[in-house]
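Note sheet for the following structure.
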Amino acid sequence: MSNVAKLAADALTEGGGILRLSPTWVPRSFLQPGRRLKLHPNDYYALGTHRGGIDERWFGSTTVAANEGAPDDEGLSYCVFGGEKFTLRDTIAELGAEVIGDAIWGKYNRWPVYSKFFDNMGPIPHHMHQNAQQAALVGQEGKPESYYFPPQMNAIGNNFPYTFMGLEPGTT
């Protein structure tokens, strides 16, 4: 059993099946933070203005952020236990179905989704996320993310308090 496997198994046992994850902050160089993520004002550009402001918080992520100049682990969620930290991706690679269940592990052999808070001052540029079939045409996977807009984090509308989404049939 690897060190990550032992740490993760112990964390699951002590947490009653729940892993504690540290916050995963992601900057975007093409957007301005809305300042609703509850960061200290000095922290929004803590990674440098060349990296952009922190305007996303990712949850349960085993996906690396595709940001130019980013560290190799940007976007990955970290488990925290016993003074140690290790990625959720490594945890799932080691413990598989014990963490994500037989159905997901059997189909994907990994955790294929993540969720995020968006916090932008204005609208994000128009873009699309390909579904699995479209992405496969260019050797990629569909973008498996979900968004959470809690009212407690959205008390201020900022410059453009709207999100437009086109959803494919079957989206829940």
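Offset between the sequence shown (1-based) and this note's numbering: plus 14.
Beta carbons are placed, not taken as given, at the ideal position from N, Cα and C, and that holds for glycine.
A quick note: this is a predicted structure, and the numbers were derived from the prediction, not measured.
Which whole-angstrom value is the C-beta distance of residue i and residue j, which I expect to be below 8 Å?
i: GLU70; j: PHE132; result: 6 Å
i: LEU90; j: LEU35; result: Not quite, the Cβ-Cβ distance comes to about 10 Å (not below 8 Å), so this is no contact.
i: LEU33; j: THR77; result: That pair is no contact at about 17 Å.
i: GLY62; j: LEU45; result: Rounded, the Cβ-Cβ distance is 15 Å, inconsistent with contact.
i: PRO41; j: ILE68; result: 5 Å
i: GLY74; j: TRP119; result: Between TRP119 and GLY74 the Cβ distance is about 15 Å, and since that is not below 8 Å, they are no contact.
i: PRO158; j: VAL127; result: 4 Å
i: LYS130; j: TRP39; result: Their Cβ separation, rounded to whole angstroms, is 11 Å, which puts LYS130 and TRP39 out of contact at 8 Å.
Suppose the cutoff is 7 Å on Cβ atoms and the five residues either side in sequence are ignored; what does the same chain contact list for residue i look like?
i: ILE170; result: ARG50
i: LEU109; result: ALA19, ALA22 and ALA23
i: THR185; result: none
Taking the DSSP output, what are the residues bridged to residue i?
i: THR38; result: TRP72
i: TYR161; result: LYS130
i: GLU98; result: PHE95
i: GLY67; result: ARG42
i: PRO47; result: ASN134
In chain order, what residues of the same chain lie with their CB nearer than 8 Å to the CB of residue i, ignoring the 5 residues before and after it?
i: GLN148; result: GLY156
i: ASP87; result: VAL78 and THR101
i: TYR176; result: PRO137
i: PRO55; result: ARG49
i: ALA146; result: GLU155 and GLY156
Is it the case that the CB of residue i approaches a heavy atom of the ligand SAM more closely than 8 Å?
i: PHE131; result: Absence of the ligand SAM is noted for the structure shown, with no ligands found whatsoever.
If you check the beta carbons only, do residue i and residue j fall under 9 Å apart?
i: ASN134; j: ASN172; result: yes
i: GLU82; j: SER43; result: yes
i: VAL113; j: LEU26; result: yes
i: GLY29; j: PHE95; result: yes
i: GLN154; j: GLN144; result: yes
Once the 5 residues before and after residue i are set aside, which same chain residues still bring their CB inside 6 Å of it?
i: ASP57; result: none
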